[in-house]
Every structure is written in C-alpha cells, then in structure tokens.
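Colleague: Line order of the protein sequences matches chains A and B.
All the letters of the first sequence, read from the start, carry residue numbers 7 to 244 under our numbering.
All the letters of the second sequence, read from the start, carry residue numbers 7 to 244 under our numbering.
All residues carry an ideal CB built from backbone N, CA and C; glycine is no exception.
Quick one: the structure is below, questions incoming.
Protein chains: 2
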Amino acid sequence: MSTSCDCGHCTNDICLHRVPIFSALNKEELSRIAELIHHRSYKKGELIVSEGDKTESIVIMREGSAKAFKYTTDGREQILYIFSEGDFFGEQNLLSHQTATFFVETLQDVKVCILSKMQFQQLIHRYPEIAIKIIDELGQRMARLENALQSMGVRNVDSRLGSLLIEFESKYGSVVPEGTLIRLPLSREGIANYLGIARETVSRKLGQLEQDGIIRSINNKSILVIDQESLRAIAGIS
Amino acid sequence: MSTSCDCGHCTNDICLHRVPIFSALNKEELSRIAELIHHRSYKKGELIVSEGDKTESIVIMREGSAKAFKYTTDGREQILYIFSEGDFFGEQNLLSHQTATFFVETLQDVKVCILSKMQFQQLIHRYPEIAIKIIDELGQRMARLENALQSMGVRNVDSRLGSLLIEFESKYGSVVPEGTLIRLPLSREGIANYLGIARETVSRKLGQLEQDGIIRSINNKSILVIDQESLRAIAGIS
DNA sequence: CGGACCATTGATAATTGTCAAAATTCGTGG
DNA sequence: CCACGAATTTTGACAATTATCAATGGTCCG
Chain A
7 MSTSCDCGHC TNDICLHRVP IFSALNKEEL SRIAELIHHR SYKKGELIVS
57 EGDKTESIVI MREGSAKAFK YTTDGREQIL YIFSEGDFFG EQNLLSHQTA
107 TFFVETLQDV KVCILSKMQF QQLIHRYPEI AIKIIDELGQ RMARLENALQ
157 SMGVRNVDSR LGSLLIEFES KYGSVVPEGT LIRLPLSREG IANYLGIARE
207 TVSRKLGQLE QDGIIRSINN KSILVIDQES LRAIAGIS
Chain B
7 MSTSCDCGHC TNDICLHRVP IFSALNKEEL SRIAELIHHR SYKKGELIVS
57 EGDKTESIVI MREGSAKAFK YTTDGREQIL YIFSEGDFFG EQNLLSHQTA
107 TFFVETLQDV KVCILSKMQF QQLIHRYPEI AIKIIDELGQ RMARLENALQ
157 SMGVRNVDSR LGSLLIEFES KYGSVVPEGT LIRLPLSREG IANYLGIARE
207 TVSRKLGQLE QDGIIRSINN KSILVIDQES LRAIAGIS
C-alpha cells in the first residue's frame with residue numbers, strides 16, 4: 007500500500023537537515039549521505055514495522071507522525087513512543103540481527119527516509135560524531151521512557167493525564183489568544199493506550215478538567231489549555 | 007562515606023573484561039583504557055548519584071548491585087533499573103552537560119569503575135566499535151524499559167507481579183531440587199515501588215501465590231518458584 | 001534479649017474498569 | 001453543501017480491584 011517518493015523538488019538534503027543526529031556534519035558530508043538514502047511514503051493507518059520483522063534499516067521520519075506500540079498480555083495496545091518529524095527508529099541492535107520489538111503504525115500520511123544498517127555502520131566509522139549524537143539522542147529517548155515509567159508508577163490517574171497534556175502541549179501546541187491549542191496526535195483510545203487506562207476513564211477525566219475550566223475540548227481533535235497553572239499543579243508541577 | 011579502592015590484586019583489566027561494551031577490544035587496547043580508570047567503593051545504602059548531580063563520568067558496576075529511581079509526584083520511589091555487574095550508567099547526554107535524571111543507590115556493598123566523560127569521548131573517536139557497542143547496549147536497555155512499560159500497562163496486577171518474578175528468576179535465580187530459588191534484590195517495598203503498587207498489595211499477592219502452591223516465600227529474602235508453568239500462565243506466558 | 005525494621009492481615013473507602021446505551025463527530029458520496 | 005451511515009466518544013450504573021489506615025506479627029542484628 008506504500009508508494010515510493012518521487013517528488014522532484016524535495017531534495018534529500020532537506021530530509022537530512024531536519025535530523026538532529028546529522029547536524030554535526032557539513033554540507034558536503036550531508037550530500038554524500040543523501041546519496042545513500044531511499045524515500046518512501048505511507049498512508050494513514052499503515053504499518054511501517056511489525057513486531058518480529060527483520061530490521062535491516064534505519065527509518066527517519068520526514069513528515070507526519072506514527073505510534074510505536076506492543077500488545078500487552080491482556081490484548082491491549084501499549085503505546086511506547088510517538089515518532090514525529092526528525093525522530094528515527096530501527097537503530098536497535100545495530101550489530102545483532104535481532105527482530106523488531108514493537109509495531110510502528112502511522113497516525114497520518116507519512117514520509118520517511120530509509121538508510122540500510124550496513125551503510126549506517128560504515129557512516130559511524132567514518133564520522134564518529136554521529137555515534138555520539140545517536141548515543142545522546144538515545145539517552146534523551148530513554149529519559150522520556152523513564153519519565154513515562156515514572157508516571158505510570160504514579161497511582162493518581164489525574165496526574166498522569168495532566169503530564170501527558172503538558173507533554174503534548176510542548177510538542178503539538180500552538181499559542182493562541184485564549185491559551186495553548188494542542189492538536190492531538192492520538193484519539194481518546196490512543197491516549198488510554200498510552201496511559202494504560204480505560205478509554206472511558208480518559209473521557210471522564212477530560213470532562214472533569216473541562217468542567218473545572220482548565221481545558222476546552224474542541225471536536226475531539228484538539229484541546230485548548232486555558233489554565234496552564236492548574237494543569238501543572240494537577241500533573242505535580244513536573 | 008565512600009572509600010577509594012586500594013586492593014592491589016584486582017587489576018583494572020578484570021574490571022574491563024566483564025564489561026560488554028569493551029569486549030570488541032584486544033588486550034593491548036584494554037590495558038590502555040585501564041590506565042584511565044578510577045575505582046571507588048560504596049557501602050550498602052549509599053547514594054552513588056543524586057538527581058540533579060552534574061554527571062562528569064561514566065560509572066561501570068564491578069561488584070554488587072544498585073537501584074536507579076526517581077520520586078513520583080506523590081512522593082513514592084519509582085525504581086527504573088537495577089544495575090548489576092557489567093552494567094553502566096551516566097552515559098546520558100555525553101554531549102550536553104545535563105544533570106542526572108535519577109538517583110542511584112546501592113543495594114549491597116558495591117565496587118565501581120569510573121571513567122570521565124571527556125576520556126570516554128576520546129575513546130569513542132579512537133575506537134568507533136565501542137560506540138556501536140554502546141548503541142547496541144542502550145538499545146537492549148531500551149527494550150527492557152519498553153517491556154517494563156508494556157507490563158505496567160497491563161491492568162492486571164497479578165500479571166505484573168508474575169512478570170517481575172520471572173524476570174528476577176532469570177537474573178537472580180539458581181536451580182535447586184525443588185525449583186528455582188530467587189535471591190530477591192529488593193524488599194517488598196522495593197518490589198511495590200518497582201511495580202507502582204502498594205506495599206501491602208505485594209504482600210497479599212505473594213501470599214496468594216504461596217497459598218496456590220506456586221511459590222514459597224523464604225525469610226522475606228528469597229522466593230522459591232515451585233510451579234513455573236503456572237507462574238508463566240499468570241504473567242501471560244511472556 | 002531487645003529494639004528497630006520489615007512484612008502481614010483486616011476493615012473500609014476510594015478509584016477505576018466494565019458493560020450497555022445514547023450522543024456526537026467524521027467522512028463519503030450524492 | 002448537505003445528509004447519511006459508520007466510527008468514536010460520552011454518560012450512567014454497577015462491580016471489581018486496590019489503596020489506605022491501623023494493628024499485629026516476624027525477622028534481623030547488635
């Protein structure tokens with residue numbers, strides 16, 4: 007269901023520019039890497055990777071967003087990451103030929119850059135700075151996972167939802183006169199699966215936040231944060 | 007409260023041999039790195055790192071174990087990792103001079119090897135293979151975190167506890183005639199903080215497992231797994 | 001032996017999940 | 001642009017689970 011990217015005007019350079027791990031390189035080096043890259047696009051709802059796939063390449067998000075998830079033993083989706091522009095995945099086990107440990111499904115139409123693992127390894131040998139960048143990026147991602155785990159450990163569901171909204175605010179929010187408008191990357195069910203709670207609980211908690219005048223839900227697709235201070239208090243400052 | 011390691015017989019080589027990330031190097035390279043390393047030891051219950059510390063070095067566990075944790079907004083400890091022999095930490099943000107994102111407290115008497123970040127960076131430039139190993143190791147650690155998040159997402163507390171026991175079984179268990187004996191690295195409270203549930207619930211659930219003849223609690227410090235199959239079923243095969 | 005610490009047990013309250021039904025929103029096609 | 005059916009979300013009632021508080025019982029170590 008996916009088609010190759012054949013748009014003439016989006017040069018590979020543009021792709022690379024946006025990716026933090028290549029930011030240490032100069033233009034010439036970038037264009038040399040650009041030659042190694044393949045493009046591909048996916049429609050909303052498609053699977054980019056399935057758990058168990060042999061992962062022979064690194065995938066860099068160029069446009070759109072996707073969710074990474076596993077199935078819990080009781081059959082629910084547990085969302086692990088939301089990948090947006092500039093994020094990458096598939097770097098797990100660069101050496102060992104292990105298989106993918108989660109699914110990645112697009113949340114919108116998505117365009118990606120693909121780099122084979124072998125080429126990637128050669129790249130690291132030539133430019134060790136890239137490796138340091140990646141280690142750094144992975145460190146940040148781990149910090150995010152650690153935070154997620156930390157908030158999963160918080161028994162108070164309100165705090166968890168508050169934290170999520172604040173996270174989304176900084177990632178998907180835009181300032182408007184009335185407050186901050188978040189374009190939600192996930193549905194209510196998605197939010198539930200991210201937080202490990204029931205869909206209905208999300209509805210109820212959001213409803214309560216709206217009643218308290220802290221947020222305003224708009225069309226199920228956006229949320230307007232009106233009282234940021236109260237939200238932070240609920241999330242536990244964070 | 008910590009003292010320098012001054013034992014003459016434990017050469018630095020021994021330290022490095024056990025650490026997977028250096029396994030790609032030959033003896034000569036290892037001994038060159040060994041010169042850069044400092045040793046240190048800690049008593050049980052000491053803090054190796056506090057959240058907010060400037061982390062100027064990589065710490066490699068040589069002996070003993072330690073827990074990494076954060077405080078949740080409602081004041082409880084959330085344990086993120088248990089570091090044992092060969093594990094390392096402090097690699098977060100090799101570039102940026104960000105501060106530590108969690109506490110690390112020893113669970114037993116501990117001996118560590120310390121390598122400054124600057125030296126570590128130089129090391130990577132000289133031996134890019136180390137970088138790939140580290141990326142690989144971080145990938146594995148992320149996989150573990152992802153699994154943890156996955157099992158935290160399971161609403162069923164029994165499954166979560168079951169998964170933890172199975173994890174401990176493979177990490178801290180030894181086979182005996184009656185089954186597998188786990189020497190617990192954590193107290194009941196520690197287990198509770200790892201799973202994000204109440205201390206009392208851990209007691210109750212373990213009590214139930216014992217009543218069902220699946221495990222036998224020994225002295226609060228060890229658990230004998232008698233019926234591994236049932237345990238796996240409870241954990242959700244896993 | 002005794003005190004400090006850790007673990008268990010019981011009773012109750014609070015929270016959240018589940019199921020079912022109603023309401024809203026979305027997207028497609030006329 | 002509107003209308004209709006499908007999908008998603010909200011709401012309500014109830015059941016199940018777990019947290020909390022308090023008291024008791026064990027275990028470890030000097």
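(1) Between which two residues does the alpha helix (DSSP H) harbouring Gln128 (chain A) extend?
(2) DSSP three-state call for Arg82 (chain B): helix, strand or coil?
(3) Interface residues of chain B around Pro134 (chain A) at Cβ under 7 Å?
(4) Given a threshold of 16 other Cβ atoms within 10 Å of its Cβ, counted over all protein chains shown, does Met158 (chain B) qualify as buried or as exposed?
(5) Short of 7 Å Cβ to Cβ, which residues in the region 165-187 of chain B face chain A?
(6) Which chain B residues sit within Cβ distance under 9 Å of Ile232 (chain A)?
(7) Roughly how many whole angstroms lie between the Cα atoms of Lys211 (chain A) and Arg210 (chain B)?
(8) For Leu86 (chain A), return the contacting residues in chain B, with the cut-off set at a CB-CB distance below 8 Å.
(9) Indicate whether at least one CB of chain A lies closer than 7 Å to the CB of Ile39 (chain B).
(10) Taking Met67 (chain B) as the query, report the chain A residues whose CB atoms sit under 8 Å from its CB, ordered along the chain.
(11) Given Leu215 (chain A), which residues of its chain have a CB within under 6 Å of its CB, disregarding the five upstream and five downstream residues?
(12) If we ignore side chains and look at the alpha-carbon of each, how far apart do Gly96 (chain B) and Gln217 (chain B) end up?
(13) Check this for me: beta carbons of His131 (chain A) and Pro134 (chain B), under 7 Å apart or not?
(14) With DSSP as the reference, label Thr207 (chain A) as helix, strand or coil.
(15) For Ser165 (chain A), tell me which candidate among A:Gly242, A:Lys76, A:Ile64, A:Phe75 has the shortest Cα-Cα distance.
(16) Please list, in chain order, all residues of the same chain as Glu1 (chain B) whose beta carbon is under 7 Å from its beta carbon, the five residues on each side excluded.
(17) Express the C-alpha separation of Ile229 (chain B) and Gly219 (chain B) in angstroms, rounding to a whole number.
(18) Could you work out which residue in A:Leu201, A:Ser236, A:Asp233 is closest to Arg82 (chain A) when comparing CA atoms only?
(19) Under 6 Å: does the beta carbon of Glu97 (chain A) sit that close to some heavy atom of the ligand PLP?
(20) Can the beta-carbon of Gln114 (chain A) be found closer than 7 Å to that of Lys73 (chain A)?
(21) Tell me which same chain residues have a C-beta within less than 7 Å of the C-beta of Ala204 (chain B), skipping the five on either side of it?
(22) Tell me, to the nearest whole angstrom, how far the beta carbon of Met67 (chain A) is from that of Val116 (chain A); I am working on the premise that it is less than 8 Å.
(23) Out of B:Pro191, B:Ile141, B:Tyr48, point me to the one whose CA is closest to Ser176 (chain B)'s CA.
(24) By the 10 Å Cβ neighbour count, where 16 or more other Cβ atoms means buried, how is Ser10 (chain A) classified, buried or exposed?
(25) Nearest-angstrom Cα distance between Val118 (chain B) and Pro183 (chain A)?
(26) Can you tell me the Cα-Cα spacing of Gly168 (chain A) and Leu155 (chain A), whole angstroms?
(27) I'd like to know whether the C-beta atoms of Ile141 (chain A) and Val65 (chain A) end up nearer to each other than 7 Å.
(28) Nearest to Thr207 (chain A) by alpha carbon, out of A:Asn162, A:Phe89, A:Ala239?
(29) How many Å lie between Tyr178 (chain B) and Asp233 (chain B) at the Cα?
(30) Roughly how far, in whole angstroms, is the beta-carbon of Leu129 (chain B) from the beta-carbon of Ile136 (chain B), given that I think they are within contact range, below 8 Å?
(31) State the beta-bridge partners of Leu230 (chain A) as determined by DSSP.
(32) Could you check the C-alpha separation between Ile85 (chain B) and Asn153 (chain A) for me, to the nearest Å?
(33) Please report the distance separating the alpha-carbon of Thr112 (chain B) from that of Leu151 (chain B).
(34) What residue range is occupied by the uninterrupted beta strand (DSSP E) comprising Gly179 (chain A)?
(35) Can you tell me whether DSSP reads Lys139 (chain A) as helix, strand or coil?
(36) With distances taken from CA atoms, which of B:Val160, B:Gly185, B:Glu69, B:His45 is nearest Gln240 (chain B)?
Modeller: On the basis of the coordinates in this document:
(1) 123-132
(2) coil
(3) Here the neighbours are Ile130, His131, Pro134, Ala137.
(4) buried
(5) Ser165
(6) Near Ile232 (chain A) there are no residues of chain B at all, since even the closest Cβ is about 22 Å away, more than 9 Å.
(7) Between Lys211 (chain A) and Arg210 (chain B), the C-alpha separation is close to 30 Å.
(8) Glu152, Leu155, Gln156
(9) no
(10) Near Met67 (chain B) there are no residues of chain A at all, since even the closest Cβ is about 17 Å away, more than 8 Å.
(11) Ile221
(12) 43 Å
(13) yes
(14) helix
(15) A:Gly242
(16) Any property of residue 1 (chain B) remains undetermined from this structure, which presents chain B solely from 7 to 244.
(17) Approximately 12 Å between the Cα atoms of the pair.
(18) A:Leu201
(19) No copy of the ligand PLP appears in this structure; indeed no ligand is present at all.
(20) no
(21) In its chain, beyond the 5 residues on either side, Ala198 have a beta carbon closer than 7 Å to the beta carbon of Ala204 (chain B).
(22) The C-beta distance from Met67 (chain A) to Val116 (chain A) rounds to 7 Å, short enough to meet the 8 Å contact threshold.
(23) B:Pro191
(24) Unreliable placement is indicated for Ser10 (chain A), whose pLDDT of 40 sits below 50; the coordinate value is still reported in the next sentence. By the neighbour-count rule (16 or more Cβ atoms within 10 Å), Ser10 (chain A) is not buried but exposed.
(25) 54 Å
(26) 15 Å
(27) no
(28) A:Asn162
(29) 17 Å
(30) 6 Å
(31) Beta-bridge pairing links Leu230 (chain A) to A:Leu187, A:Arg222.
(32) 11 Å
(33) 20 Å
(34) 179-182
(35) helix
(36) The amino acid at residue 240 (chain B) is misidentified as Gln; the sequence shows Ile. Out of B:Val160, B:Gly185, B:Glu69, B:His45, B:Val160 has the C-alpha closest to the C-alpha of Ile240 (chain B).
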